[in-house]
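Numbering (this note's numbering), first residue to last: 175 to 607.
Ideal Cβ positions, reconstructed from N, Cα and C, are used throughout, including at glycine.
Keep in mind it's a predicted model, so treat the numbers as computed, not measured.
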Amino acid sequence: MSSIPVRLGILGCGNVGAALVKIILDDQSLIESQTGEVLEIAAIAVRDLSAERPSWVPRELLTDDPFSVATDPSIDIVVEVMGGYDPAKALIEEALGSKKSVVTANKTLLSDFGEEIAALARSHGRDVFFEAAVAGGIPLIRSLKVSLAAERVRRVTGIVNGTTNFILTKMSEEQISYRDALNRAQELGYAEADPSADVEGIDASAKAAILASIAFGRRVQLSDVSREGITSVTLDDFAFAKRHGYTLKLLAICEWVESAQGGEGSISVRVHPAMVPVTHPLASVRDAFNAVFVEGDSVGELMFYGRGAGGMPTASAVLGDIIDAAHNLRYGSMERHVARPAARILAFDELKYQFYIAIDVSDRPGVLAQVATVFGDNGVSIMSMEQVGLGSEARLIFITHLAKERALQKTLAEVRNLDAVERLVGFIRVLGS
Ligand SMILES: NC(=O)c1ccc[n+]([C@@H]2O[C@H](COP(=O)([O-])OP(=O)(O)OC[C@H]3O[C@@H](n4cnc5c(N)ncnc54)[C@H](OP(=O)(O)O)[C@@H]3O)[C@@H](O)[C@H]2O)c1
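1. Where do the ends of the alpha helix (DSSP H) carrying D411 lie?
2. If you compare alpha carbons, which of I315, R233, H298 is closest to A306?
3. For T134, which of L424, A513, L294 has the nearest alpha-carbon?
4. Count the other CB atoms, across all protein chains shown, that sit within 10 Å of the CB of C187; report buried if there are 16 or more and exposed otherwise.
5. Specify, as a first and last residue, the run of the alpha helix (DSSP H) that V243 falls within.
6. Let me know if W230 comes out buried or exposed under the rule of 16 or more other beta-carbons within 10 Å of its beta-carbon.
7. Using the three-state DSSP reduction, which class does A378 fall into: helix, strand or coil?
8. Please classify H575 as buried or exposed, where buried requires at least 16 other C-beta atoms within 10 Å of its C-beta.
9. Following a CB-centred definition, is C428 positioned closer than 7 Å to any heavy atom of ligand 1?
10. Do three or more CB pairs link the stretch 559-578 to the stretch 422-442 at distances below 8 Å?
11. Looking at A244 and V252, is the spacing between their C-beta atoms short of 8 Å?
12. Please indicate yes or no: does the CB of A357 lie closer than 7 Å to some heavy atom of ligand 1?
13. Under the three-state reduction of DSSP, which class applies to R227: helix, strand or coil?
14. Could you tell me the alpha carbon to alpha carbon distance between D250 and C428, rounded to whole angstroms?
15. Closest by CA to A462, which one among R481, T453, V450, S472?
16. Are there 16 or more other CB atoms within 10 angstroms of the CB of N591, so buried, or fewer, so exposed?
17. At what residues does the alpha helix (DSSP H) containing G474 begin and finish?
18. Please look up how many angstroms separate the CB atoms of D238 and V220, rounded, as I've assumed it's under 8 Å.
19. If you follow the beta strand (DSSP E) that T574 is part of, which residue opens it and which one closes it?
20. So G257 and H298 are in contact, right, with Cβ under 8 Å, and what is the actual spacing, rounded?
21. Could you work out which residue in S248, V431, D593 is closest to V548 when comparing CA atoms only?
22. Just mark I162 as buried or exposed, buried being the case when its beta carbon has 16 or more other beta carbons within 10 Å.
23. At a threshold of 7 Å, does K196 count as lining ligand 1 (C-beta to nearest heavy atom)?
24. For E588, name the three-state secondary structure that DSSP assigns.
25. Just to confirm my understanding: we take L456, look at its own chain, exclude 5 residues before and 5 after, and list those with CB closer than 7 Å. What are they?
26. Check this for me: beta carbons of Q528 and M559, under 8 Å apart or not?
27. What separation, rounded to the nearest whole angstrom, lies between the Cα atoms of G606 and S351?
28. CB V276 to CB E254, shorter than 8 Å?
29. Under 7 Å: does the beta carbon of R328 sit that close to some heavy atom of ligand 1?
30. Kindly indicate which residue of I441, E475, D471, R444 has the alpha-carbon position closest to the one of H454.
31. Measure the alpha-carbon distance for D410 versus M345 and round it to whole angstroms.
32. So what's T453 in DSSP terms, helix, strand or just coil?
33. Three or more C-beta pairs closer than 8 Å, one from the stretch 372-380 and one from the stretch 394-408: is that the case here?
34. Is T488 near ligand 2, in the sense that its beta carbon is under 7 Å from a heavy atom of that ligand?
35. Mind checking which residues open and close the alpha helix (DSSP H) that includes M256?
36. Okay, do the stretch 484-499 and the stretch 193-210 touch, 3+ Cβ pairs below 8 Å being the bar?
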């Protein structure tokens with residue numbers, strides 16, 4: 175068993191950084207007995223030296239000069255848990271250039287520069303690990319990268335944003351409006367004062383880009399992800415879902431689509447709310463939990479479930495990465511890294527879905543026929559229809575058969591122009607098999 179300590183420079187001491195410091199200090203002997211590694215925190219970079227810190231954070235290790243940590247020759251591994259692009263990207267580059275391995279939880283950065291950073295690490299003979307960047311404490315990245323390295327993954331479908339899953343769970347179970355559920359999430363600290371990164375699906379899109387890159391071995395970036403958030407989901411949508419055996423979830427879906435002409439397939443990556451059959455394993459994922467459902471040719475169906483955020487779960491994933499990086503440094507080895515060619519991204523409007531559509535209409539003779547004609551003219555076939563309410567309160571709700579997104583959007587544009595149609599009040603894609 176080794177006793178030469180591995181020296182860590184931690185960039186950031188917020189939710190994740192402070193939790194990591196606590197685990198390392200509290201569990202020193204467990205870490206050594208289970209892994210053979212002795213971890214020593216050499217320095218912790220923060221922005222504000224005068225800010226209050228948890229009692230266990232050693233004050234003497236704090237610095238407000240993160241670049242001195244990234245380049246310190248006595249440090250072996252740099253742990254970036256500050257977040258954002260700037261200065262995190264430059265710090266990671268400095269650390270790799272100074273021959274340190276890097277562990278990061280930074281999904282924002284990786285969703286745009288993951289491949290660039292991995293290539294830089296490789297050129298310096300060092301590792302960059304990022305288990306915590308997607309789904310916090312859930313051991314998902316390593317499972318995809320290592321255990322499923324040669325699996326033909328067909329689809330990865332995830333609930334990867336705890337805040338939106340909490341909001342949708344409250345709407346579903348307590349019948350409170352989106353606004354009230356968001357307020358509740360903010361009171362409990364699940365949602366930021368500005369919740370847009372969560373509720374507009376931006377955070378989930380960054381994670382989807384990272385997942386797709388790893389699952390399919392292609393370079394997928396944030397700009398490749400089609401995105402729709404949860405802000406227009408209503409209690410009426412939930413009521414319909416319940417009557418028909420669905421629930422509503424914000425899903426990140428990464429899919430490999432074979433080419434009809436032969437040759438290289440393409441990748442679809444999208445984030446949007448979806449009607450999920452209550453029998454699907456993802457339907458039972460409640461509150462702020464995350465889960466990712468993986469479908470592969472040989473392995474079949476897998477589901478990863480757990481805490482996708484929070485200081486401690488995230489720090490647990492970071493610690494696992496630190497141990498791997500330390501092991502590799504000690505034995506002069508490196509993580510396997512294969513350069514990923516750019517992905518061929520399938521245009522979102524080429525995808526086929528079933529759709530849930532709710533339209534408020536004036537209840538007068540012939541309205542249904544008019545609406546149905548527009549659907550038919552665009553080749554969108556209706557699987558089921560129900561009418562709720564009468565007179566000026568009438569609402570038509572449709573579930574379509576599989577149809578192309580492009581045909582559906584054209585249908586909706588034309589339906590909106592019908593005199594008898596007052597407004598489109600619900601439009602949600604249905605998760606198929
Ligand atoms: N929180 C989670 O549940 C979670 C889950 C998965 C992944 N992550 C990722 O983990 C990373 C950290 O998240 P977090 O929640 O711990 O963030 P946080 O609480 O906001 O902490 C950020 C830390 O970085 C420090 N910092 C920021 N800019 C700095 C600069 N220019 N120089 C020096 N220090 C700087 C801050 O210093 P001060 O304390 O002085 O302000 C703070 O200690 C992010 O990439 C996030 O996406 C977080």
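Put simply:
1. It spans 409-417 - the alpha helix (DSSP H) in which D411 sits, taken as one unbroken run.
2. With respect to the C-alpha of A306, the residue from I315, R233, H298 having the closest C-alpha is I315.
3. A query on residue 134 cannot be resolved here, the shown segment of the chain reaching from 175 to 607 and no further.
4. Result: buried.
5. Membership of V243 in the alpha helix (DSSP H) is indicated by the continuous run 240-245.
6. Per the 10 Å Cβ criterion, exposed.
7. Under the three-state reduction of DSSP output, A378 falls in the helix class.
8. Exposed is the call here.
9. Checking the Cβ of C428 against ligand 1 gives no.
10. No, the stretch 559-578 does not touch the stretch 422-442.
11. Yes, the Cβ-Cβ distance between V252 and A244 is below 8 Å.
12. The sequence given here places Asn at residue 357; Ala does not occur at that position. No, ligand 1 has no heavy atom inside 7 Å of this Cβ.
13. Secondary structure of R227 (DSSP, three-state): coil.
14. Rounded to the nearest angstrom, the two C-alpha atoms are 35 Å apart.
15. The shortest Cα separation from A462 among R481, T453, V450, S472 belongs to R481.
16. An exposed status is given to N591, since fewer than 16 other beta-carbon atoms sit within 10 Å of its beta-carbon.
17. From DSSP, G474 is part of no alpha helix (DSSP H) but of the beta strand (DSSP E) over 474-481.
18. D238 to V220, Cβ: 6 Å. Contact.
19. 569-574 is the extent of the beta strand (DSSP E) around T574.
20. In fact, because the Cβ distance is near 23 Å, the residues do not count as touching under 8 Å.
21. When only C-alpha atoms are compared, the closest one is D593.
22. Nothing in the structure corresponds to residue 162, since the chain is present only between 175 and 607.
23. No; taking the cut-off as 7 Å, the Cβ of K196 has no heavy atom of ligand 1 nearer than that.
24. When DSSP states are grouped into helix, strand and coil, E588 belongs to the helix group.
25. These residues qualify, in order along the chain: T331, I333, K423, V450, A465, F467.
26. No; because the gap between Cβ atoms is not below 8 Å, this pair is not in contact.
27. Distance between the alpha carbons of G606 and S351 is about 27 Å.
28. Pairing V276 with E254 gives a Cβ-Cβ distance under 8 Å.
29. No, the Cβ of R328 stays beyond 7 Å of every heavy atom of ligand 1.
30. Relative to the Cα of H454, the nearest Cα in the group I441, E475, D471, R444 belongs to E475.
31. About 10 Å.
32. It is coil, neither helix nor strand.
33. Touching, yes, given that three or more Cβ pairs across the two stretches are closer than 8 Å.
34. Ligand 2 is absent from the structure shown, which contains only ligand 1.
35. Where M256 is concerned, there is no enclosing alpha helix (DSSP H), because DSSP gives it neither an H nor an E.
36. Yes: the two stretches touch, three or more of their Cβ pairs being nearer than 8 Å.
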